[in-house]
Amino acid sequence: MRGVIDVGGGTRDIFGAGVFDYFLEHGITFDKCYGVSAGCANISSFLAGQQHRNYEFYTEYSMRKQYMSFDNFFKTGSYVDLDYVSDELSNSSGEYPLDYEKLKANPADFTLVAAEANTGKTKYFTKDDLSLNNYDPINASSSVPVVNKPYEIDGVEYFDGGLADPIPYQKALDDGCDELVIILTRPKDGYRVDTNDKRMAQILARQYPKAAELLEHRAETYNAQLDAIKKLEEEGVAKIIAPESIGKLKTLTRDVDMLKSLYRKGLVAAKNADIK
Numbered sequence: 001m002r003g004v005i006d007v008g009g010g011t012r013d014i015f016g017a018g019v020f021d022y023f024l025e026h027g028i029t030f031d032k033c034y035g036v037s038a039g040c041a042n043i044s045s046f047l048a049g050q051q052h053r054n055y056e057f058y059t060e061y062s063m064r065k066q067y068m069s070f071d072n073f074f075k076t077g078s079y080v081d082l083d084y085v086s087d088e089l090s091n092s093s094g095e096y097p098l099d100y101e102k103l104k105a106n107p108a109d110f111t112l113v114a115a116e117a118n119t120g121k122t123k124y125f126t127k128d129d130l131s132l133n134n135y136d137p138i139n140a141s142s143s144v145p146v147v148n149k150p151y152e153i154d155g156v157e158y159f160d161g162g163l164a165d166p167i168p169y170q171k172a173l174d175d176g177c178d179e180l181v182i183i184l185t186r187p188k189d190g191y192r193v194d195t196n197d198k199r200m201a202q203i204l205a206r207q208y209p210k211a212a213e214l215l216e217h218r219a220e221t222y223n224a225q226l227d228a229i230k231k232l233e234e235e236g237v238a239k240i241i242a243p244e245s246i247g248k249l250k251t252l253t254r255d256v257d258m259l260k261s262l263y264r265k266g267l268v269a270a271k272n273a274d275i276k
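Using full-length UniProt numbering, you'd call the opening residue of the sequence shown number 1 and step up by one each time.
Written out as structure tokens, the structure reads:
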């Protein structure tokens, strides 16, 4: 059983969008898909068969102040307006609707990873938690702490899935996958450093101490999982697709030329991965 994991990474995950567009163009499919943060949006379009859709989101829509801006942050407490993305852009009456019916009909399983803000526990949403014009699990998985308020679903607050399970390879293995394709948005040897994590965790701890603990140890968690998937690659279980370099690209970079370049790198990396 073959699974694919997209670890997200904000606008840097235009790299993943390039990878999935290559997969769509060449009819490459998976039994199980696992999305973290922006990876959920990429996989949603992939399962809906909407090639180039995410490219438009990264290179056009993300440039709008309604999408992400300090105006948003000062007005609502969230830099990225996730409801704008889902309601104004992705809903059936939006500018570029997600083809929910095709997503639903796709036989692949879809797991969306989020972190419970108050408990620090990992939440694995599934495709069954999505419905027409209700894409809350995607938003929950994409709510970056401190930058955004937690995203609430049925009275439970959630933060970005990268806090809890940044590379959910073990979940995929537990679900029966014996072959994995893992899409990173950092180089394969790009270990995280906790430059700002401890400072940001102190801010977060005032209201969400459990989530703050996850944030404080985010680099350690990611790096341990990165080592684990590299071992899986050596064993022939996993294939890692990652950019050789991301230059100065940050999580919420809005440099269109740099983003377009990273998208092209995703196309090339997917081709070089030689996945059938």
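Glycine is no exception: its CB is placed at the ideal position from the N, C-alpha and C atoms. Fair warning: this is a prediction, and the values are worked out from it, not measured in the lab.
- For the alpha helix (DSSP H) assignment, the uninterrupted runs of no fewer than 4 residues enclosed by the segment 183-257 are, from N- to C-terminal side, 197-204, 209-216 and 218-234.
- Under the three-pair Cβ rule at 8 Å, the segment 243-260 counts as touching the segment 59-73.
- Judged by their CB atoms, residue 169 and residue 242 are not nearer to each other than the 8 Å cut-off.
- Note: residue 124 is bridge-paired with 113 in the DSSP secondary-structure output.
- Per DSSP, the continuous beta strand (DSSP E) segment holding residue 33 begins and ends at 32-36.
- Bounds of any alpha helix (DSSP H) do not take in residue 6; it lies within the beta strand (DSSP E) bounded by 2-6.
- Under the three-state reduction of DSSP output, residue 107 falls in the coil class, being neither helix nor strand.
- One alpha carbon belongs to residue 186, the other to residue 201, and they sit about 22 Å apart.
- Linking residue 264 to residue 46 through their CA atoms gives a straight-line distance of about 17 Å.
- Here the C-alpha atom of residue 13 lies approximately 7 Å from the C-alpha atom of residue 39.
- In the three-state reduction of the DSSP assignment, residue 131 falls in the strand class, which pools E and B.
- When the five nearest sequence neighbours on each side are left out, the beta carbons in the same chain lying within less than 6 Å of the beta carbon of residue 114 are those of 123, 140, 141, 158 and 161, in order along the chain.
- Residues of the same chain with a CB within less than 6 Å of the CB of residue 269, apart from the 5 flanking positions on each side, are 241 in chain order.
- Of 17, 72, 71 and 68, the smallest CA-CA separation from residue 51 is found for 17.
- Here residue 101 is exposed. Its C-beta has fewer than 16 other C-beta atoms within 10 Å.
- With a beta-carbon spacing of about 6 Å, residue 68 and residue 252 fall inside the 8 Å limit used to define contacts.
- Rounded to whole angstroms, the separation of the alpha carbons of residue 54 and residue 262 is 13 Å.
- Taking C-alpha positions only, residue 234 is separated from residue 41 by approximately 29 Å.
- For the pair residue 192 and residue 225, the Cα-to-Cα distance works out to about 11 Å.
- Burial is judged here by how many other beta carbons sit within 10 angstroms of a residue's own beta carbon; residue 126 has fewer than 16 and is exposed.
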